[in-house]
Every structure is written in C-alpha cells, then in structure tokens.
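Take a look at the structure set out below.
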Amino acid sequence: MWILSKAFLLFICLLCSSNNGAYADDNDLSHSHIVSVSSLLPPNVCNRTRTALPQGPDKASLEVVSKYGPCSRLNQGISTHAPSLEEILRQDQQRLHLKNSRRLRKPFPEFLKRTEAFTFPAKINDTVADEYYIVVAIGEPKQYVSLLLDTGNCNSKECPFNIQYADGSGSGGFWATDRITIQEANSNGYFTRYPFLLGCINNSSGDKSGASGIMGLDRSPVSIITRTNTSYFSYCLPSPYGSTGYITFGKTDTVNSKFIKYTPIVTTSEQSEFYDIILTGISVGGKKLPFNTSYFTKFGAIIDSGNIITRLPPPIYAALRSAFHKRMKKYKKAKGLEDLLDTCYDLSAYETVVVPKIAIHFLGGVDLELDVRGTLVVASVSQVCLGFATYPPDPNSITLGNVQQRGHEVHYDVAGRRLGFGPGNCS
C-alpha cells in the first residue's frame, strides 16, 4: 500500500511538473496583463484626485494634462471637433516626418527683435502633435498660458522663428524677453527667470488644440532647460486620459531615488539637442526578441514626449509583431489603423483578455516594463492595436514615444547625462 501510494504521489508530481512546464512556455500569466476590455476604453470623466504632485524643497511640480482627455481645459466653451485616433496618428506621422526631413536654408540672423508687449495665446504651427500640456505664467502682470511639452523639438543652432524649410514651407516671428514663472498650485515651490528669451511666431495658422505654444524640454540652445540652467527634471504622463500627470523641476528625494534605474545619455563630440539613449533588447511575454545586443546598439535611439507611438527599424518591429501575435492568436484580427498600426484585434466578444507584457531594455541593465496602456492603443473594443510601428523614411533609428512612457516617472538628469525610469504616481 505504501509502495502504491508513493507511486501515485510520484505520478501526481510528474503531472504537476509537466503542467508547469507547458504553462511557463505558453500561458505564463506572470508575463501577461489580465485586463477588462472596458477598462481599455478612454474615460470621459476627469479624476484629478488620483494624482498627487511631488513636493519638497528646491523643486516645483506642475500638473500635466492630455489635451485630448476629459481633464483638458483647452477650448472649453468652444465648439471643436474632437480628433479621432486616426487623425491623432496622422498628426503624429506628420510631426515625425517634419522632425526628420526638414532642412534649414536661412542662416541665424544677427539681431533679436523685441516688442514692448504682446498678448497670449500666441499661435503655433498646426502640425503640432504634442499631446500633453502644462500651465505657466509669463510677464508682469502674469498671463497664464498653456504650453505643450516636447523633449524632442527639432530646433537647431539656426533661428527657429525665422526659417525656411527645404520643402518650401517656413515660419516667421520675432524674439522677445519677459519674465517666466513656474509655480505650484499650492505656491510652496516655484522658480522665476528674467529676462527669459521667448520666440514669438506671428505668421502661423495656429494649433487647433488651443495651446499657446511649446515648452521645449530638449537640449537645444533655446529650450527652457538650457535657458534656465535646469540640471534635473522629471515627469509622469497620465495613464489613462481620465487622470492627470505631473512634471517636476528639481531632483527627486532620496527615498524615491532608490527605485529609479538610469541609462546613460549618449555623449558625442557635438552634443545632440535630443536625449540619445541606447536600447539593448525588447522582450515579449518574458522572452527576448531573437537579436543580440550588438544588433540593437547599432541603431540610434531618442526619447520623445511629443511623438505618440514608438517607432522601430523594420526587422525589429517585424519580430515584435510576430512574437506579440503568437501570444494573441486566440483573438480575432481587426483592420489596421491609418496604414500605420497593422496589428489590431477585435475584442468585442470578450469581457477580459490576456495581453503579453512587453519590456524594453536599455544600456546599463535598465528594464522598462510597459503598462497595458503603454502596449495598446484603442480606437474601440473592436479595434485594439499594438502601439508600435515602423518609420520607413528613417529605418535606422528608434524613437521612444509617449504611449510607452505613460504611467512611469521619466527622469532627466541633464547634468549627470543619464535618463532614468521609476514607478509613477499617475496611473
């Protein structure tokens, strides 16, 4: 009887071992998101109480809002057409095209024009696809303006406000100086700069979202980071649209700093205006794509809060799409979006779905595990798409878009030349 019981126990253990092996290979839920389909839809109610702004000495935090979400105050009381996801992606494609293909013709002028006074909102270019904005004060008395956040604004050493592009288009304007104030809602933290150099465009058709302008957060000579000698800032882009995020100027506190993992910002003899980083791999469902590290590192990569989705070289995207679809094969395929997102699913028949986790790996052993809203973009429950794409005009570069950054704190240690990722408080 003891021998029979031992044999039966061994049989049970063998079954358990066999099941665990199959579970890990095919359906390991530790490498998956289990989500309600309805939770993937953009909310239509704003919930500002979900996000607490970071506070502390020597820092100032401001609320970050998606201009497309219910928390946006842009164009309130004005009858405007809310853009569809297809329209947003089309703008995103145009922005990427302009950033990568425009070339300046005119040299930087030797003079700076100044005006005695000007009124906001000013107008900005109508191809602006930047999604998130903050409110700052400019001038005395203060005029409160909405500025779109952009860490990838393609400025140059030339004048960005009196320029002609190779495609025949251009922008014209003037320089002015005034006081800029960045202050928390509770007035505990702020900084002010005067004189602060502002570029005022006076012949553009204007951004349809109602924003006054762009706050350049890149490393160009005219960005607010350079002009204010900001050595450290961070932000958390809200996920989902129904909540708000934040941007903080100043270092994080020592308690939270231990949770931040940093990757180097690439240093070259001629400093790039972008924040250049190095990817070393991508994982889907806990398994890395079949490329070695050296293959990834040969591609240039930047992080850009202005672009919506992440763009990958065609071979890497093809492998990502294949690995993702292999784990989503039980779900019905759907039509793609705007000839850009080609891996879409009809989830209308399900209440709950299992989505494989995607992680992006960076130099220095830094892993960015994406939230499900950092993996998928949703037009409707019958059209849910993988939020990655290629960019054929520039097949040798990688752009980390804001979809993949949502819900994380992204830290820019400008002085230390490193970029960090940590847990966010805006999801």
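Per UniProt numbering, the very first residue in the sequence shown carries number 1; after that it's consecutive. Every residue gets a Cβ at the ideal spot worked out from N, C-alpha and C, and that includes glycine.
- Nearest Cα to L363 within the set Q383, I309, R418: R418.
- Taken in chain order, the whole beta strand (DSSP E) runs of length 3 or more contained in the region 343-404 are 344-346, 352-356, 358-362, 366-369, 376-380, 383-386, 388-390, 397-400.
- In this structure, the beta-carbon distance from R321 to G285 does not fall below 8 angstroms.
- In this structure, C426 lies near S239, with their beta-carbon atoms less than 8 angstroms apart.
- Taking D342 as the centre and dropping the five residues before and after it, the same chain places the C-beta of G336 closer than 7 angstroms to its C-beta, in chain order.
- Annotated three-state conformation of T267 is coil, per DSSP.
- As the crow flies, the alpha-carbon of V37 is around 15 angstroms from that of L386.
- Under the three-state reduction of DSSP, V410 is assigned to strand.
- Counting every other CB atom within 10 Å of its CB across the protein chains shown gives P54 a total of 16 or more, marking it as buried.
- Rounded to the nearest whole angstrom, the C-alpha separation of G374 and A323 is 17 angstroms.
- Around the beta carbon of N307, 16 or more other beta carbons sit within 10 angstroms, so the residue counts as buried.
- By the Cβ criterion, the region 61-75 is not in contact with the region 375-382, since fewer than three pairs of Cβ atoms, one from each stretch, lie closer than 8 angstroms.
- Here the alpha carbons of C71 and R48 stand approximately 8 angstroms from one another.
- At the C-beta level, S234 and T248 come within 8 angstroms of one another.
- D150 is not a Cβ neighbour of L237, given a cutoff of 8 angstroms.
- Minimum Cα-Cα distance from V414 among the listed residues Y241, T267, R90 corresponds to T267.
- By the Cβ neighbour-count rule, A301 is buried, with 16 or more other Cβ atoms within 10 Å of its own.
- According to DSSP, A334 shares a beta bridge with C344.
- Between the alpha carbons of L368 and S294 lies a distance of about 19 angstroms.
- Taking the CA atoms as reference points, I278 sits about 37 angstroms from R73.
- Distance check between D339 and each of I265, A318, L89 places L89 closest, using alpha-carbon atoms only.
- When DSSP states are grouped into helix, strand and coil, K251 belongs to the coil group.
- Look at L320 here: in three-state DSSP terms it is helix.
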